[in-house]
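> What follows is a structure written as structure tokens; I'll ask about it next.
Residue numbers (our numbering): 11 to 250.
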């Protein structure tokens, strides 16, 4: 009888815990629904993403662990799969949910740039660059190819490098622009260190591309460097 009583108490305890986190989930969803995204913190937004992947467990501690490890909601989404796996409690389903949200954010940001005159929607261009690259753990060199109306023709990652270097070949950049019949370029790369300040190598590489592109009628409108701490524009810094 004593054993049966303990079993009943244990079951009741589980039922109470289940009811508590289900109630918490509904309250959190209701707050998002009624008060909007600004009413939830980073870790609470992360909870909302994780609910689908981990339906039978309280995910608040896990969400807080992820924020503590990576720094912010955006950095959790951008974290490499291998590093996400290092966090106890994060399995393939949870990682897939995070990467779906990351892909959706990038797709939405790109939608604000596509089929518009890029130079007249500059804030959208910056948002897109930050969304897709600012939290990457390795350098990427991205090219935005524009037509004569300054509308986006293509957006391509030309090179991927190490944590602090990406090899860029000016003639390859210009060759690709000619293949796409682009008349202008915006160069973009990230600094995984977080500091977007241009290096001497960045400045020299940009000038080399300008020198090769100009005689062929291809303008370099800007070179944007993005990092967790913000962005730098070569045009804004009068480096182009």
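Cβ coordinates follow ideal geometry from the N, Cα and C atoms, glycine included. On a predicted model such as this, the values are computed, not experimentally measured, just so you know.
(1) Rounded to a whole number of angstroms, what is the C-alpha to C-alpha distance between residue 244 and residue 233?
(2) Just to confirm the assignment: which complete alpha helix (DSSP H) runs, minimum length 4, are found wholly within the stretch 180-224?
(3) Consult DSSP for residue 135 and reduce its assignment to one of helix, strand or coil.
(4) Tell me whether residue 257 is buried or exposed, calling it buried when 16 or more other Cβ atoms sit within 10 Å of its Cβ.
(5) Please determine, among 236, 237, 224, the residue with the shortest C-alpha to C-alpha distance to residue 250.
(6) I believe residue 137 touches residue 113 by the beta-carbon criterion, under 8 Å. Please report the beta-carbon distance rounded to the nearest angstrom.
(7) Distance, Cα to Cα, residue 237 vs residue 40?
(8) Measuring only the C-alpha atoms, how far is residue 247 from residue 108?
(9) Quick one: is residue 300 buried, meaning 16 or more other Cβ sit within 10 Å of its Cβ, or exposed?
(10) Can you tell which of 80, 78, 60 has the C-alpha that lies nearest to the C-alpha of residue 102?
(11) Can you find the residues in the same chain that come closer than 7 Å, C-beta to C-beta, to residue 57, ignoring five residues on each side of it along the sequence?
(12) So for residue 173, helix, strand or coil by DSSP?
(13) Going by beta carbon distance, what residues of the same chain come within less than 7 Å of residue 199, once the five residues before and after it are set aside?
(14) Are the stretch 211-227 and the stretch 182-198 touching, with three or more C-beta to C-beta distances below 8 Å?
(15) Check for me: the beta strand (DSSP E) holding residue 230 runs from which residue to which?
Quick answer:
(1) In this structure, the CA atom of residue 244 is about 5 Å from the CA atom of residue 233.
(2) Entirely contained in the stretch 180-224, the alpha helix (DSSP H) runs reaching 4 residues are, in chain order, 180-189, 210-223.
(3) Here residue 135 sits in helix by DSSP.
(4) What the structure shows of the chain is the stretch from 11 to 250, and residue 257 is not part of that stretch, so it cannot be assessed.
(5) Of 236, 237, 224, the residue nearest in Cα terms is 224.
(6) The C-beta separation of residue 137 from residue 113 comes to about 16 Å, leaving the pair out of contact by the 8 Å criterion.
(7) Cα to Cα, the separation comes out at about 34 Å.
(8) Cα to Cα, the separation comes out at about 36 Å.
(9) The first residue shown for the chain is 11 and the last is 250, placing residue 300 beyond what the model contains.
(10) Nearest of 80, 78, 60 to residue 102, Cα basis: 60.
(11) Within its own chain, the residues whose Cβ lies closer than 7 Å to the Cβ of residue 57, once the five positions on either side in sequence are excluded, are 38, 69, 70, 73, listed in chain order.
(12) Residue confidence for residue 173 is low, a pLDDT of 48 falling below 50, so the modelled location carries little weight; the figure read from the coordinates is stated next. In the structure shown, residue 173 sits in coil (DSSP, three-state: anything other than H, G, I, E or B).
(13) Around residue 199: 149, 150, 151, 152, 176, 235.
(14) Because the criterion of three Cβ pairs below 8 Å is met, the stretch 211-227 and the stretch 182-198 touch.
(15) Unbroken beta strand (DSSP E) run through residue 230: 229-237.
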